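Participant: Sending over a structure as structure tokens; questions will come in a sec.
Protein chains: 2
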Amino acid sequence: MAPSSPRRARQLSERRDRILAAARDLAEEQGWEAVTTRRLADAIEYSQPVLYGHFPQGRTEIVTAVALTGFEELAVALGSLGDAGSDAERMRALVRAYLDFAGRHPATYDAMFLLPVLVPFASDDTPAVVRQGFDAITSTLSRLESPPDDVGTAAEVLWGAVHGLAALHRAGRLAAGNEDLRIEALVRLVAGGAGSRDPGASAG
Amino acid sequence: MAPSSPRRARQLSERRDRILAAARDLAEEQGWEAVTTRRLADAIEYSQPVLYGHFPQGRTEIVTAVALTGFEELAVALGSLGDAGSDAERMRALVRAYLDFAGRHPATYDAMFLLPVLVPFASDDTPAVVRQGFDAITSTLSRLESPPDDVGTAAEVLWGAVHGLAALHRAGRLAAGNEDLRIEALVRLVAGGAGSRDPGASAG
DNA sequence: TCGATGATCTAGCAATGCTAGAAAATCTAG
DNA sequence: CTAGATTTTCTAGCATTGCTAGATCATCGA
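Protein sequence lines correspond, in order, to chains G and L.
Numbering of the first sequence is given in UniProt numbering, commencing with residue 1 and proceeding in unit increments.
Numbering of the second sequence is given in UniProt numbering, commencing with residue 1 and proceeding in unit increments.
Below, the structure is given as structure tokens:
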């Protein structure tokens with residue numbers, strides 16, 4: 001048989017990665033509706049059935065895999081914020097990092113939260129990377145000077161709030177140019193008015 | 001020619017309504033991916049091209065029309081809440097009404113906020129019904145005992161928060177059964193802890 | 001060199017949104 | 001009541017989609 005050993009395994013793994021990279025690039029550049037199995041096959045210079053060798057569940061499984069890379073990146077972005085600064089500063093950093101990610105990788109974010117995907121959520125089988133993003137929110141909340149009684153519930157609400165802003169923004173539903181105002185309003189709501197100098201939010 | 005006059009006009013209008021009803025029913029029962037032009041044509045007992053007579057932009061325009069009926073219903077639901085009660089009570093009524101609508105008509109809500117749709121948002125041409133829902137949020141906020149400085153921005157954030165909860169809930173991302181806790185947490189956040197007796201949220 | 005095993009491709013299916021052109025129905029004129 | 005014009009509707013088809021069965025090609029061990 002072909003080198004069933006390390007070399008072949010590495011080739012397969014690389015080809016899998018190329019499929020995911022092609023899918024994500026295509027999606028970010030032209031939207032998910034442009035991510036067809038034929039175009040993906042073209043991109044990796046193989047025929048369509050090869051895709052199904054890597055992802056037996058087909059296109060949906062590819063979207064899922066892209067979503068998981070997104071969850072990983074989001075977890076890293078939210079997990080590396082440090083715990084210096086005031087309540088409001090840490091909260092602002094969290095919100096900004098989240099919205100930044102959603103804004104920089106809109107199609108990936110769609111895969112994570114909008115598109116149908118083969119991941120069990122809110123379950124014992126939920127992948128660790130998915131949980132880690134949520135944990136970053138929880139931990140920021142529990143570090144507040146006066147943390148909410150029920151941190152878990154508060155984290156769900158805060159997550160909902162940032163996700164809502166991201167989703168509405170992405171769908172073009174919010175007034176353009178008010179992003180910073182919204183962030184400050186949310187931060188004040190969650191972290192309280194005091195505890196930090198005004199950030200002088202003036203960035204575009 | 002055919003009765004170009006009132007009768008014919010009424011027939012056309014009725015057929016248009018039947019298309020929309022069929023689309024909405026199908027979507028609520030089997031999801032939007034089941035809403036195909038062939039199935040719609042079957043449902044109204046005409047052939048596919050008839051659909052394009054009513055909706056020249058095709059399927060997307062049908063989804064758009066369903067979304068607009070949804071915005072209308074949402075505006076009615078949020079606009080008929082009355083201004084009795086404490087800050088927290090009014091805010092709770094608003095949030096509940098919004099999440100209720102989203103929960104009762106998930107596919108319609110998808111059309112309004114998830115699917116691509118031919119409506120100009122955040123623009124001068126935004127349909128009135130779309131604006132009215134937002135206005136209900138704004139008005140509830142401005143009636144608070146101590147309203148936020150920037151009601152418009154606060155309304156965007158609150159809208160984001162409820163939409164986020166609705167979206168995450170719909171996508172199965174939130175712990176089941178905690179809905180009431182989340183609502184109370186959000187209400188407390190926006191309307192302040194005081195001003196109302198605890199509602200004893202114990203409903204399923 | 002040959003047969004077996006694995007990898008890959010070709011070609012096709014059923015379903016989708018949409019549309020051109022034929023057919024049918026309806027109205028107006030005589 | 002009939003004939004022509006007009007409007008309405010349908011049939012049939014295109015290109016695209018996700019996916020897959022079966023043929024073809026490459027690689028390996030003996």
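Here a beta-carbon is modelled for each residue, glycine too, at the ideal position from N, C-alpha and C.
Computed from a predicted model, the values in this text were never measured in an experiment.
Using a 10 Å radius around the Cβ and a threshold of 16 neighbouring Cβ atoms, would you call Leu-168(L) buried or exposed?
Facilitator: It counts as buried.
Participant: Cβ closer than 8 Å: which chain L residues qualify as neighbours of Trp-159(G)?
Facilitator: Gly-164, Leu-168, listed in chain order.
Participant: Tell me whether the stretch 18-38 of chain L and the stretch 180-188 of chain G touch, counting them as touching only if at least three CB pairs, one residue from each stretch, are closer than 8 Å.
Facilitator: Touching, no.
Participant: Counting only the same chain and skipping the five closest in sequence on each side, list residues whose C-beta sits under 6 Å from that of Arg-170(G).
Facilitator: Cβ within range, chain order: Pro-106.
Participant: Using a Cβ-Cβ cut-off of less than 8 Å, give me the residues of the stretch 77-111 of chain G that come near chain L, in sequence order.
Facilitator: Of all residues in the stretch 77-111 of chain G, none has a Cβ within less than 8 Å of some Cβ in chain L.
Participant: Spell out whether any CB of chain L is found under 8 Å from the CB atom of Gly-204(G).
Facilitator: Because Gly-204(G) carries a pLDDT of 33, less than 50, the predicted location of this residue cannot be relied on, and the following value inherits that uncertainty. So, not an interface residue.
Participant: Nearest by alpha-carbon distance to Ser-139(G): which of Ala-75(G), Asp-180(G), Tyr-52(G), Gly-70(G) is it?
Facilitator: The candidate whose alpha carbon is nearest that of Ser-139(G) is Ala-75(G).
Participant: Can you pull the chain G neighbours of Leu-186(L), defined as C-beta to C-beta under 9 Å?
Facilitator: Those within 9 Å of Leu-186(L) in chain G are Val-157, Gly-160, Ala-161.
Participant: Out of Val-129(L), Ala-67(L), Leu-118(L), state which residue places its alpha-carbon closest to the alpha-carbon of Ala-102(L).
Facilitator: The option with the nearest alpha carbon to Ala-102(L) is Ala-67(L).
Participant: Rounded to whole angstroms, what's the CA-CA distance from Asp-83(L) to Val-129(L)? Just pull it up for me.
Facilitator: Distance between the alpha carbons of Asp-83(L) and Val-129(L) is about 21 Å.
Participant: Could I get the ranges of all uninterrupted alpha helix (DSSP H) runs contained in the stretch 127-177 of chain L, with 4 residues as the minimum, in chain order?
Facilitator: Within the stretch 127-177 of chain L, the complete alpha helix (DSSP H) runs of at least 4 residues are 128-142, 151-170.
Participant: Considering only residues of the same chain and omitting the five flanking positions on each side of Ile-19(L), which have a CB-CB separation below 7 Å?
Facilitator: Closer than 7 Å at Cβ, skipping near neighbours: Leu-40, Ile-44, Leu-51, His-54, Ile-62.
Participant: Once you ignore the five residues that flank Ala-97(G) on each side, which residues in its own chain have a CB closer than 7 Å to its CB?
Facilitator: Result list for Ala-97(G): Ala-77, Leu-78, Leu-81, in chain order.
Participant: How big is the Cα-Cα spacing for Ser-146(G) and Thr-153(L)?
Facilitator: Their backbone Cα atoms lie some 25 Å apart in a straight line.
Participant: Could you tell me if Asp-124(L) is buried or exposed, where buried requires 16 or more neighbouring beta carbons within 10 angstroms of its beta carbon?
Facilitator: Burial call: exposed.
Participant: By the three-class DSSP mapping on this structure, what secondary structure does Glu-45(G) have?
Facilitator: DSSP places Glu-45(G) in coil when its eight states are reduced to three.
Participant: Run through DSSP, which three-state label would Gln-11(G) get?
Facilitator: DSSP places Gln-11(G) in helix when its eight states are reduced to three.
Participant: Which residue spans inside the stretch 86-111 of chain L form an unbroken alpha helix (DSSP H) run of at least 4?
Facilitator: Those alpha helix (DSSP H) runs which fall completely within the stretch 86-111 of chain L and span 4+ residues are 87-104.
Participant: Which chain G residues sit within Cβ distance under 8 Å of Val-190(L)?
Facilitator: Here the neighbours are Leu-189.
Participant: Are the C-beta atoms of Ala-75(G) and some chain L residue less than 8 Å apart?
Facilitator: Ala-75(G) does not count as touching chain L.
Participant: Residues of chain G with CB closer than 8 Å to the CB of Asp-135(L), please, in chain order.
Facilitator: Correct list: empty, because the minimum Cβ distance to chain G is about 14 Å.
Participant: What did DSSP end up calling residue 265(G) once you bin it into helix, strand or coil?
Facilitator: It is not possible to answer for residue 265(G), since the shown part of chain G is limited to 1 through 204.
Participant: Candidates Thr-69(G), Leu-144(G), Val-95(G): which alpha carbon is nearest Met-110(G)'s?
Facilitator: Looking at the sequence itself, residue 110(G) is Asp, so the reference to Met does not match. Considering only alpha carbons, the answer is Thr-69(G).
Participant: Determine, using beta carbons only, whether Phe-121(G) comes closer than 8 Å to chain L.
Facilitator: Yes - at least one Cβ of chain L is within 8 Å of the one on Phe-121(G).
Participant: Leaving out five residues before and five after Arg-197(G) in sequence, what residues of the same chain have Cβ atoms less than 6 Å from its Cβ?
Facilitator: Because Arg-197(G) sits at a pLDDT of 47, beneath the cut-off of 50, its placement in the model cannot be relied upon, and the point is left open.
Participant: Taking Cβ-Cβ distances shorter than 8 Å, what residues in chain L pair up with Gly-172(G)?
Facilitator: Neighbours of Gly-172(G) on chain L, chain order: Phe-121, Ala-122.
Participant: Taking the C-alpha atoms as reference points, what is the distance between Val-35(L) and Ser-13(L)?
Facilitator: Val-35(L) and Ser-13(L): Cα-Cα distance of roughly 21 Å.
Participant: Could you tell me which chain L residues have their CB closer than 9 Å to the CB of Thr-153(G), listed as they occur along the chain?
Facilitator: Ala-175, Asn-178, Leu-181, Arg-182, Glu-184, Ala-185, listed in chain order.
Participant: For Phe-71(G), name the three-state secondary structure that DSSP assigns.
Facilitator: Three-state result, Phe-71(G): helix.
Participant: Does the Cβ-Cβ distance between Leu-99(G) and Leu-165(G) come in under 8 Å?
Facilitator: Yes. Within cutoff.
Participant: What residue does the alpha helix (DSSP H) around Ala-191(L) start on, and which one ends it?
Facilitator: That run of the alpha helix (DSSP H) goes 179-191.
Participant: Quick check on the burial criterion: 16 or more other C-beta atoms within 10 angstroms. Buried or exposed for Gly-31(L)?
Facilitator: Burial call: exposed.
Participant: So Leu-181(L) and Asp-149(G) are supposed to be a Cβ contact under 8 Å. How far apart are they, rounded?
Facilitator: Leu-181(L) to Asp-149(G), Cβ: 10 Å. No contact.
Participant: Is DSSP giving Met-1(G) helix, strand or coil here?
Facilitator: At Met-1(G), the pLDDT of 44 sits below 50, so the modelled position is not reliable; the number obtained from the coordinates is stated separately. Three-state DSSP puts Met-1(G) in coil, outside helix and strand.
Participant: Using a Cβ-Cβ cut-off of 7 Å (strictly less than) and excluding sequence neighbours within five positions of Arg-59(L), which residues of its own chain qualify?
Facilitator: Around Arg-59(L): Thr-37.
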